[in-house]
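Student: There's a structure below that I have some questions on.
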Amino acid sequence: MRSAVGEGDGSGVWEVAVPERRYRVAGFRMAGFRDCGASAVDLKMIPQPTVMLALGFGSGSHWVDDSGGRRVPGSVVAGLGAGSRGGVRVRGGGFSGVQVRLSPLVVRAALGIAPADLDGAVVALDEVWGREAARIREQLDAASSWEQCFALTYALLAGRIAQGPCVDPEVGRVWRRILASRGVVRVEALAAEVGWSRRRLWSRFQAQIGLPPKQAANLVRFDHAVHRLAAGDGAARVAAESGYADQSHLHRDVVALTGATPAAAAGEPWLDVDPLAWGG
10 MRSAVGEGDG SGVWEVAVPE RRYRVAGFRM AGFRDCGASA VDLKMIPQPT
60 VMLALGFGSG SHWVDDSGGR RVPGSVVAGL GAGSRGGVRV RGGGFSGVQV
110 RLSPLVVRAA LGIAPADLDG AVVALDEVWG REAARIREQL DAASSWEQCF
160 ALTYALLAGR IAQGPCVDPE VGRVWRRILA SRGVVRVEAL AAEVGWSRRR
210 LWSRFQAQIG LPPKQAANLV RFDHAVHRLA AGDGAARVAA ESGYADQSHL
260 HRDVVALTGA TPAAAAGEPW LDVDPLAWGG
């Protein structure tokens, strides 16, 4: 399925494609994006509770500028929560790409790097995969359709995920509980639930997921809340129904993670494509 979204506000005009075939791999979702606008793209990256792999191809160019002034061109990997405080921007024009959202449970298997090693940063795929990054770009350049692009991406990653190392079952269980609760959960109780001490859970979870459990839960809660704001729900209602103490608590959390007020964050073009690409 293909749709178009965007305006001349820095977001560009995007063709958004999703696979027609259902790819049955846990922790693995993908969508295709093509910049069709006449003006340059300048998008603020909004943090999300997944690790993002962006496989760029085509004749255009794109890069990511981080808050430290570093420029990362081409295909990238963005760690869990990348874009915090609004300091990361995606720029360029005329490019196409397959974006893969990976659960932190499968990142080490899929990419060969632990989420903790990414530390929430954006890194060039060349640094992670070496020459294989150039090979997948060549294959995507030669593909004649989005479905071929998705099939190539799936073939690249599915085998890695199936054969790669797994996280501890206890870590996986805690992460899934955090997701199911939309981040509204007492993390201390989860340690008792899996039969671990608090210290052991904190240590193993951070090493394998990339964030401490409480910070991971806050990121999941924020992700749910900011998407509700983008859908038009009022801040007071979102705060009350998303586990925040009050509206001020929601405000502080959104500012800390995006560098913008809830109203401004809700209007960010980065969120516009989510209902089309990821089902909301």
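Numbering (my numbering), first residue to last: 10 to 289.
We treat Cβ as the ideally placed atom computed from N, Cα and C, and that holds for glycine.
With a threshold of 6 Å, establish whether the CB of L210 neighbours any heavy atom of the ligand SAH.
Tutor: Annotation note on the ligand SAH: not contained in the displayed structure, which lists no ligands.
Student: V99 and L52: beta carbons closer than 7 Å?
Tutor: In contact: V99 and L52 (Cβ atoms closer than 7 Å).
Student: Within the continuous alpha helix (DSSP H) that includes S257, where are the two ends?
Tutor: Per DSSP, S257 belongs to the alpha helix (DSSP H) from Q256 to T267.
Student: Please specify which runs of the beta strand (DSSP E), each continuous and at least 3 residues long, are wholly inside the stretch 92-129, giving them in chain order.
Tutor: Counting whole runs of 3 or more residues, the stretch 92-129 contains the beta strand (DSSP E) stretches 98-102 and 105-111.
Student: Considering only their Cβ atoms, is the gap separating S84 from L166 smaller than 7 Å?
Tutor: No.
Student: Pull up the DSSP beta-bridge partners for H71, would you.
Tutor: Answer by DSSP bridge pairing, in chain order: G101.
Student: Around the Cβ of D150, are there at least 16 other Cβ atoms within 10 angstroms (buried) or fewer (exposed)?
Tutor: Exposed.
Student: Using 8 Å as the Cβ pair cut-off and three pairs as the minimum, do the stretch 242-249 and the stretch 206-217 touch?
Tutor: Not touching, per the Cβ criterion.
Student: Taking A143 and I187 to be in contact with their CB atoms under 8 Å, please state how far apart those CB atoms are, rounded to whole angstroms.
Tutor: The pair is not a contact, with the Cβ atoms about 36 Å apart (cut-off 8 Å).
Student: Can you pull the DSSP bridge partners for V132?
Tutor: In DSSP, V132 forms a bridge with V86.
Student: Could you check where the alpha helix (DSSP H) with V282 kicks off and where it finishes?
Tutor: It is not in any alpha helix (DSSP H) - V282 carries neither H nor E in the DSSP assignment.
Student: What does the Cβ neighbour count give for A272, buried or exposed, with the cut at 16 atoms within 10 Å?
Tutor: By the neighbour-count rule (16 or more Cβ atoms within 10 Å), A272 is not buried but exposed.
Student: Given S290, which residues of its chain have a CB within under 7 Å of its CB, disregarding the five upstream and five downstream residues?
Tutor: The requested residue 290 is not part of the displayed model; the chain covers only 10 to 289.
Student: When burial is assigned at 16 or more other CB atoms within 10 Å of the CB, is T270 buried or exposed?
Tutor: The residue is exposed, with fewer than 16 neighbouring Cβ atoms inside 10 Å.
Student: Among the residues of its own chain, which have a CB less than 6 Å from the CB of G19, if the five just before and after it don't count?
Tutor: Here the model assigns G19 a pLDDT of 48, short of 50, so the residue's position is not dependable and the matter cannot be decided.
Student: If you run the structure through DSSP and keep just helix, strand and coil, what is R191?
Tutor: Note: R191 maps to coil in three-state DSSP.
Student: So, with DSSP's three-state summary, where would you put L210?
Tutor: L210: helix per DSSP, three-state reduction.
Student: I55 and W279 look like a contact to me (Cβ under 8 Å); what is the Cβ gap, rounded to whole Å?
Tutor: Contact holds; Cβ gap of about 5 Å.
Student: Count the other C-beta atoms from every protein chain shown that fall within 10 angstroms of the C-beta of S112, then say buried if there are 16 or more, exposed otherwise.
Tutor: Its Cβ being crowded by 16 or more others within 10 Å, S112 is buried.
Student: Within 10 angstroms of the Cβ of G17, are there 16 or more other Cβ atoms? Answer buried if so, exposed if not.
Tutor: Bear in mind that the predicted position of G17 carries a pLDDT of just 46, short of 50, making it too unreliable to give a figure here.
Student: Considering only C-alpha positions, which residue in the set Q172, F214, A275 and A216 is nearest to G243?
Tutor: Of the candidates Q172, F214, A275 and A216, the one whose C-alpha sits nearest the C-alpha of G243 is A275.
Student: Are G90 and L228 touching if we call contact CB-CB under 7 Å?
Tutor: Their beta carbons are under 7 Å apart, which means G90 touches L228 by this criterion.
Student: Hey, quick one: how far does the beta strand (DSSP E) through D177 stretch, first residue to last?
Tutor: Neither: D177 is in no beta strand (DSSP E) and is coded neither H nor E.
Student: Considering only C-alpha positions, which residue in the set F159, W205, A125 and L120 is nearest to A136?
Tutor: The amino acid at residue 136 is misidentified as Ala; the sequence shows Glu. When only C-alpha atoms are compared, the closest one is L120.
Student: Short check: CB of A216 to CB of P174, under 7 Å?
Tutor: No, Cβ-Cβ distance for A216 and P174 is not below 7 Å.
Student: Thinking C-alpha only, which one of G78, R38, S48 and G46 is nearest A63?
Tutor: Answer by Cα proximity: R38.
Student: CA-CA distance, C158 and R110?
Tutor: In a straight line, the C-alpha of C158 is about 15 Å away from that of R110.
Student: Output yes if chain B places a C-beta closer than 7 Å to the C-beta of A142; else output no.
Tutor: Among the chains of the structure shown, chain B does not appear; only one protein chain is present.
Student: Hey, how far is the Cα of G189 from the Cα of V183?
Tutor: According to the sequence shown, residue 189 is Ala rather than Gly. Going from the Cα of A189 to the Cα of V183 covers about 10 Å.
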